[in-house]
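Participant: Protein chains in written order, with numbering that gives the first Met the number 0: chain W, 0 to 552; chain L, 0 to 132.
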Amino acid sequence: MANTPIQLGSLNFDEIKANLKSFVQNSDNDLDIDFDGSVANTILDLLSYNTLYYAFYSNMLMNESFMDSAQRTESLISLSKPLGYTVAHRNCASASLSLNNTGTTSFRLIPYATTVSASKNGTNYNFVYINQLNDDDVTDDIIEPGQTKDHRFFQASSIVINAPMTVDYLNQRFNINNKKIDPATITVRVGESDGIKEYTRVSNTNSSLSTGDRVYYIESTNDGYRIFFGAPTTTEGTPTGRVVKDTEIVYVSYLTTSGSGANSSTSFTGLGASIKVTNSSTKALGGYDTPNLNLIKFAAPRNFVGGGRLVSISDYETEILNKGLISINSTDPKRNISVYGSGAAAEEVDGKVLFSLFDDALIGGAGDSVKTTSQVPEQIINDFADEILVGLTLQYREPLEADITFTTNEPASDFAAAYGRGFNQTFSNNLNSSLINLETTRIPNIQAGSSGELSGKFDFKNRIDYTTSGTTFSITLNTASGFTTAGISASSGLIFAGGVTVSNNVLGTTNEGRFALDPAKYTTVAGISLNYTLGEIKVTQELLANPKIIGAN
Amino acid sequence: MSKYKDLNLSLERNSFTGDVSVTTNENAIRIALTNILLTREGERPFSSAPVGVGLEKLLFDVDVSSSKFVFIKQRAKELINKYEPRVIYDDMIITNYDTVKDDGVIKLEVKYTIKTGTPDTKSDSLQLTIEGT
Numbered sequence: 000m001a002n003t004p005i006q007l008g009s010l011n012f013d014e015i016k017a018n019l020k021s022f023v024q025n026s027d028n029d030l031d032i033d034f035d036g037s038v039a040n041t042i043l044d045l046l047s048y049n050t051l052y053y054a055f056y057s058n059m060l061m062n063e064s065f066m067d068s069a070q071r072t073e074s075l076i077s078l079s080k081p082l083g084y085t086v087a088h089r090n091c092a093s094a095s096l097s098l099n100n101t102g103t104t105s106f107r108l109i110p111y112a113t114t115v116s117a118s119k120n121g122t123n124y125n126f127v128y129i130n131q132l133n134d135d136d137v138t139d140d141i142i143e144p145g146q147t148k149d150h151r152f153f154q155a156s157s158i159v160i161n162a163p164m165t166v167d168y169l170n171q172r173f174n175i176n177n178k179k180i181d182p183a184t185i186t187v188r189v190g191e192s193d194g195i196k197e198y199t200r201v202s203n204t205n206s207s208l209s210t211g212d213r214v215y216y217i218e219s220t221n222d223g224y225r226i227f228f229g230a231p232t233t234t235e236g237t238p239t240g241r242v243v244k245d246t247e248i249v250y251v252s253y254l255t256t257s258g259s260g261a262n263s264s265t266s267f268t269g270l271g272a273s274i275k276v277t278n279s280s281t282k283a284l285g286g287y288d289t290p291n292l293n294l295i296k297f298a299a300p301r302n303f304v305g306g307g308r309l310v311s312i313s314d315y316e317t318e319i320l321n322k323g324l325i326s327i328n329s330t331d332p333k334r335n336i337s338v339y340g341s342g343a344a345a346e347e348v349d350g351k352v353l354f355s356l357f358d359d360a361l362i363g364g365a366g367d368s369v370k371t372t373s374q375v376p377e378q379i380i381n382d383f384a385d386e387i388l389v390g391l392t393l394q395y396r397e398p399l400e401a402d403i404t405f406t407t408n409e410p411a412s413d414f415a416a417a418y419g420r421g422f423n424q425t426f427s428n429n430l431n432s433s434l435i436n437l438e439t440t441r442i443p444n445i446q447a448g449s450s451g452e453l454s455g456k457f458d459f460k461n462r463i464d465y466t467t468s469g470t471t472f473s474i475t476l477n478t479a480s481g482f483t484t485a486g487i488s489a490s491s492g493l494i495f496a497g498g499v500t501v502s503n504n505v506l507g508t509t510n511e512g513r514f515a516l517d518p519a520k521y522t523t524v525a526g527i528s529l530n531y532t533l534g535e536i537k538v539t540q541e542l543l544a545n546p547k548i549i550g551a552n
Numbered sequence: 000m001s002k003y004k005d006l007n008l009s010l011e012r013n014s015f016t017g018d019v020s021v022t023t024n025e026n027a028i029r030i031a032l033t034n035i036l037l038t039r040e041g042e043r044p045f046s047s048a049p050v051g052v053g054l055e056k057l058l059f060d061v062d063v064s065s066s067k068f069v070f071i072k073q074r075a076k077e078l079i080n081k082y083e084p085r086v087i088y089d090d091m092i093i094t095n096y097d098t099v100k101d102d103g104v105i106k107l108e109v110k111y112t113i114k115t116g117t118p119d120t121k122s123d124s125l126q127l128t129i130e131g132t
């Protein structure tokens, strides 16, 4: 009799054994396989173990070969290397401090030397100013009397300043075998014949580099980091930067960090009596002890696509992310950085690249939009000035806030746990797509004008006539006790000046949840769309979503 | 025709058939019981059948009144009744209790009843010797 076809796709021992057992059992074989103590069963165990280990090995091998599925840091370091992305083994907690000079003389921040202290649970941490933009212009470092400037400080457990390194001159490289370093804090200087020169970090070779350019490259290793200098040309003849001569000494400065231990440190102080930290209660954020795998998977491909150029939205997002000027959400950086063309903004005028930022470290760690008055946008615009395409203008747009209020008879805590604040959010939890489909079909798809009920897709991103007043609508959400088909009304257009309201009379029952945009937060809407098929409310571009719950019904 | 048939633990070749030799009936049951009793706890990871009594724990601690021996007897009873449905566990005794503390060898006798499917049950026993290696 033919054996049962064998199925060995499982990674579970018992399933593998059951498959093998059914494969071995047939009328020609009357061994006592069913008894767990039997020799035949024991041999089946051995076969199952062998299969299990090879199945696991194959699975692991394939998973670790691709960025999407890799789980080991070493694999991601290796996979991201061809993409030119440097994995940080450890990251400093940092905080953007507003420094106000109340004295009568100017105050200068000195990179790697100016420190402030902060505390957390009775432990003090030092935070260091490093001028992370490698900006030779020292005017940013100087705070004049009466002036207030925002500067980012990085937590350091130790500071290494201008340490001479042993360089492999033949191969133009040296290693820094310390995984406690935050690579963003590394600066490289070379003692040349006419003085010590600072080198600039670049991530890729390009035709604009010459053999005289003072640049260096960095890559992650399993023990720390490796720094490369340029060789005269690549095999294609492209210059990669200046060669460091064997008579020149290389100096490196960097910070080692306590990683996540310093997160939430606060009470910043220590710059003297005349320099006041006006936001001393802010909390440091962003420190981690091991690389965040999600962040690597997000940033590495975009780093490759960007390649140092600023063309697509992804290029801008990646370069802003790489600047490290704001604290970002480690699992979803797109919540903090929003880049969009002005054509997609409310004014619908082309020609500008707009960006909006949300810093998780502001307001004591609660997070807030980066204001136009902050120095962060200015630094980004200045730094990108030579990179953006001719004819385009890079401009910061302070995020517009849109409060989205959910009313539900489910516990409010469920919503609070599910929804955060930031850009590009998608709210889909607890939305009943079939119900939304039902209700949204009653809303006209013509976005302006007369009354009348037409079926169609509900889409806020279309231009909205907000001059017609009196419209009400509601979208019922999934609730614990089901839903009702109690009608809604949509008349005289869709949106009226000032926003959207929901009529309790229309809902009429406590079994329904409701969704509403807060009329106090906007007058025009671009960037919120409702996909009723998927049951999602998606927020994009310059709108900063601030979901709220107004209690359980 | 034999009711139960299992491979011989030595995996020797049968000189007549050329196939792996087999054991049958009472001997097959005896080998299965030996496997259950001599398998160590945790020796078969990932398996949902946690065969393994832990008899090696008795070495140097063979007081029949100790809680450890009582516990091991109870575990042997549970495992045999669960994973060897062909028999019913009766008892487990140390047969060399007088000399066991001198030579470090434990001789056990496991008594059980073979289910025959008829009113006439059949008692049997298994002799085990455990030595420290």
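We put the CB at the ideal spot given by N, CA and C, even for glycine.
To the nearest angstrom, how far is the alpha carbon of residue 316 of chain W from that of residue 208 of chain W?
Facilitator: For the purposes of this step, residue 316 of chain W is taken as residue 317 along the first sequence, with counting starting at 1. For the purposes of this step, residue 208 of chain W is taken as residue 209 along the first sequence, with counting starting at 1. Straight-line Cα distance between these residues: approximately 24 Å.
Participant: Anyone know if the C-beta pair for residue 376 of chain W and residue 356 of chain W falls short of 8 Å?
Facilitator: The sequence position of residue 376 of chain W within the first sequence is 377, counting from 1. The sequence position of residue 356 of chain W within the first sequence is 357, counting from 1. Taking 8 Å as the Cβ cut-off, residue 376 of chain W and residue 356 of chain W qualify as a contacting pair.
Participant: Is residue 114 of chain L helix, strand or coil when you go by DSSP?
Facilitator: Position 115 of the second sequence, counted from the start, is the residue given in the question as residue 114 of chain L. Reduced to three states, the DSSP call for residue 114 of chain L is coil.
Participant: With 9 Å as the limit, tell me which residues of the segment 39 to 57 of chain L have their beta carbon closer than that to any beta carbon of chain W; keep them in chain order.
Facilitator: 43, 44, 45, 46, 47, 48 and 50
Participant: If we cut at 8 Å on Cβ distances, does residue 199 of chain W have a partner in chain L?
Facilitator: Within the first sequence, residue 199 of chain W is the residue found at index 200, counting from 1. No, because no Cβ of chain L sits closer than 8 Å to the Cβ of residue 199 of chain W.
Participant: Does any CB atom of chain L fall closer than 8 Å to the CB of residue 260 of chain W?
Facilitator: By 1-based counting over the first sequence, the position of residue 260 of chain W is 261. Cβ-Cβ to chain L under 8 Å: no for residue 260 of chain W.
Participant: Quick check: what's the CA-CA separation for residue 174 of chain W versus residue 295 of chain W?
Facilitator: As a working mapping, residue 174 of chain W is identified with position 175 in the first sequence. As a working mapping, residue 295 of chain W is identified with position 296 in the first sequence. Answer to the nearest angstrom: the Cα atoms are 22 Å apart.
Participant: Which same chain residues end up closer than 7 Å to residue 31 of chain W when comparing Cβ atoms and leaving out the 5 residues on each side of it in sequence?
Facilitator: On the first sequence, residue 31 of chain W is found 32 positions in, with the first residue counted as 1. These residues qualify, in order along the chain: 37 and 39.
Participant: Does chain W have any CB closer than 8 Å to the CB of residue 75 of chain L?
Facilitator: Locating residue 75 of chain L in the second sequence gives position 76, where the first residue counts as 1. Closer than 8 Å to the CB of residue 75 of chain L there is not a single CB belonging to chain W.
Participant: Counting contacts by CB-CB distance shorter than 8 Å, is residue 82 of chain W in contact with chain L?
Facilitator: The residue labelled residue 82 of chain W in the question sits at position 83 within the first sequence. So no, residue 82 of chain W is outside the interface.
Participant: Is there at least one Cβ from chain W nearer than 8 Å to residue 32 of chain L's Cβ?
Facilitator: Residue 32 of chain L sits at position 33 when you count from the first residue of the second sequence. Closer than 8 Å: yes.
Participant: Which of the three DSSP states, helix, strand or coil, is assigned to residue 371 of chain W?
Facilitator: Taking the first residue of the first sequence as position 1, residue 371 of chain W is located at position 372. Assignment of residue 371 of chain W by DSSP, reduced to helix, strand and coil, places it in the coil class.
Participant: Using a Cβ-Cβ cut-off of 6 Å (strictly less than) and excluding sequence neighbours within five positions of residue 243 of chain W, which residues of its own chain qualify?
Facilitator: Translated into positions along the first sequence, residue 243 of chain W becomes position 244. These residues qualify, in order along the chain: 189 and 228.
Participant: Could you tell me whether any Cβ in chain L is nearer than 8 Å to the Cβ of residue 39 of chain W?
Facilitator: Position 40 of the first sequence, counted from the first residue, corresponds to residue 39 of chain W. Closer than 8 Å to the CB of residue 39 of chain W there is at least one CB belonging to chain L.
Participant: What is the rounded straight-line gap between the Cα of residue 28 of chain W and the Cα of residue 21 of chain W?
Facilitator: Locating residue 28 of chain W in the first sequence gives position 29, where the first residue counts as 1. Locating residue 21 of chain W in the first sequence gives position 22, where the first residue counts as 1. Residue 28 of chain W and residue 21 of chain W: Cα-Cα distance of roughly 11 Å.
Participant: Taking only beta-carbon atoms, is residue 26 of chain L less than 8 Å away from chain W?
Facilitator: Along the second sequence, read from residue 1 onward, the residue named residue 26 of chain L stands at position 27. Not closer than 8 Å to any Cβ of chain W, the Cβ of residue 26 of chain L fails to qualify, so no.
Participant: Which of the residues in the segment 6 to 26 of chain L, read from start to end, lie with their CB under 9 Å from any CB of chain W?
Facilitator: Under the 9 Å Cβ criterion, the segment 6 to 26 of chain L contributes 6, 7, 8, 10, 21 and 22.
Participant: Are residue 53 of chain L and residue 43 of chain L closer than 8 Å when you measure CB to CB?
Facilitator: Locating residue 53 of chain L in the second sequence gives position 54, counting from the first residue. Locating residue 43 of chain L in the second sequence gives position 44, counting from the first residue. Going by C-beta atoms, residue 53 of chain L is not nearer than 8 Å to residue 43 of chain L.
Participant: Can you pull the chain W residues whose beta carbon is under 8 Å from the beta carbon of residue 111 of chain L, in chain order?
Facilitator: In the second sequence, counting from the first residue as 1, residue 111 of chain L sits at position 112. In chain order: nothing, as chain W lies at least about 12 Å away.
Participant: Smallest Cα separation from residue 71 of chain L: which of L:92, L:84, L:86 and L:85?
Facilitator: Numbered from 1 along the second sequence, position 72 holds the residue referred to as residue 71 of chain L. When only C-alpha atoms are compared, the closest one is L:92.
Participant: Determine the burial state of residue 170 of chain W: buried for a count of at least 16 other Cβ atoms within 10 Å of its Cβ, exposed for fewer.
Facilitator: Translated into positions along the first sequence, residue 170 of chain W becomes position 171. Flag for residue 170 of chain W reads exposed.
Participant: Run through the DSSP bridge pairs and tell me what residue 84 of chain L is partnered with.
Facilitator: Here residue 84 of chain L is taken as the residue at index 85 of the second sequence, counted from 1. Its beta-bridge partners do not exist; DSSP assigns none.
Participant: How about residue 83 of chain L: is its C-beta nearer than 8 Å to some C-beta of chain W?
Facilitator: Position 84 of the second sequence holds residue 83 of chain L. Cβ-Cβ to chain W under 8 Å: yes for residue 83 of chain L.
Participant: Work out the CA separation of residue 247 of chain W and residue 166 of chain W for me, nearest whole Å.
Facilitator: Residue numbering aside, residue 166 of chain W sits at position 167 when the first sequence is read from its first letter. Residue numbering aside, residue 247 of chain W sits at position 248 when the first sequence is read from its first letter. The straight-line gap from Cα to Cα measures roughly 10 Å.
Participant: What residues from chain L crowd round residue 36 of chain W, counting only those whose CB sits closer than 7 Å?
Facilitator: In the first sequence, the residue the question calls residue 36 of chain W occupies position 37. Near residue 36 of chain W (Cβ distances below 7 Å), the residues of chain L are 31, 32, 34, 35, 50, 82 and 83.
Participant: Between residue 290 of chain W and residue 318 of chain W, what straight-line distance do the alpha-carbon atoms span, to the nearest angstrom?
Facilitator: Numbered from its first residue, the first sequence carries residue 290 of chain W at position 291. Numbered from its first residue, the first sequence carries residue 318 of chain W at position 319. The alpha-carbon of residue 290 of chain W is positioned some 19 Å away from that of residue 318 of chain W.
Participant: Kindly give me the distance between the Cβ atoms of residue 158 of chain W and residue 185 of chain W, rounded to whole angstroms, as I take these residues to be in contact under 8 Å.
Facilitator: In the first sequence, counting from the first residue as 1, residue 158 of chain W sits at position 159. In the first sequence, counting from the first residue as 1, residue 185 of chain W sits at position 186. In this structure residue 158 of chain W is not in contact with residue 185 of chain W, their Cβ atoms being roughly 12 Å apart against a cut-off of 8 Å.
Participant: Does residue 3 of chain L have its Cβ less than 8 Å from a Cβ in chain W?
Facilitator: Indexing the second sequence from 1 puts residue 3 of chain L at position 4. For residue 3 of chain L, the answer is yes, since a Cβ of chain W falls inside 8 Å of its Cβ.
Participant: Hey, out of W:113, W:47, W:125 and W:224, whose CA is closest to residue 88 of chain W's CA?
Facilitator: Taking the first sequence and counting its residues from 1, one reaches residue 88 of chain W at position 89. Minimum Cα distance to residue 88 of chain W is reached at W:224.
Participant: What does DSSP give as the partner residue(s) for residue 163 of chain W in the beta ladder?
Facilitator: By 1-based counting over the first sequence, the position of residue 163 of chain W is 164. Beta-bridge pairing links residue 163 of chain W to W:250.
Participant: What does the alpha-carbon distance come out to for the pair residue 57 of chain W and residue 69 of chain W?
Facilitator: Looking up residue 57 of chain W in the first sequence gives position 58. Looking up residue 69 of chain W in the first sequence gives position 70. One C-alpha to the other measures close to 13 Å.
Participant: Just checking residue 192 of chain W against the ligand SAH - is the residue's beta carbon closer than 7 Å to any of the ligand's heavy atoms?
Facilitator: The ligand SAH is not among the ligands present in this structure, which contains no ligands whatsoever.
Participant: What is the rounded straight-line gap between the Cα of residue 130 of chain W and the Cα of residue 396 of chain W?
Facilitator: If you number the first sequence from 1, residue 130 of chain W lands on position 131. If you number the first sequence from 1, residue 396 of chain W lands on position 397. So the alpha carbons of these two residues sit roughly 25 Å apart.
Participant: Can you give me the C-alpha to C-alpha distance between residue 10 of chain L and residue 35 of chain W, rounded to a whole angstrom?
Facilitator: The sequence position of residue 10 of chain L within the second sequence is 11, counting from 1. The sequence position of residue 35 of chain W within the first sequence is 36, counting from 1. Between residue 10 of chain L and residue 35 of chain W, the C-alpha separation is close to 18 Å.
Participant: With C-beta atoms as the reference, is residue 118 of chain W less than 8 Å away from residue 277 of chain W?
Facilitator: In the first sequence, the residue the question calls residue 118 of chain W occupies position 119. In the first sequence, the residue the question calls residue 277 of chain W occupies position 278. Taking 8 Å as the Cβ cut-off, residue 118 of chain W and residue 277 of chain W do not qualify as a contacting pair.
Participant: For residue 281 of chain W, count the other beta carbons within 10 Å of its own beta carbon; 16 or more makes it buried, fewer makes it exposed. Which is it?
Facilitator: If you number the first sequence from 1, residue 281 of chain W lands on position 282. In this structure residue 281 of chain W is buried. Its beta-carbon is surrounded by 16 or more other beta-carbon atoms within 10 angstroms.
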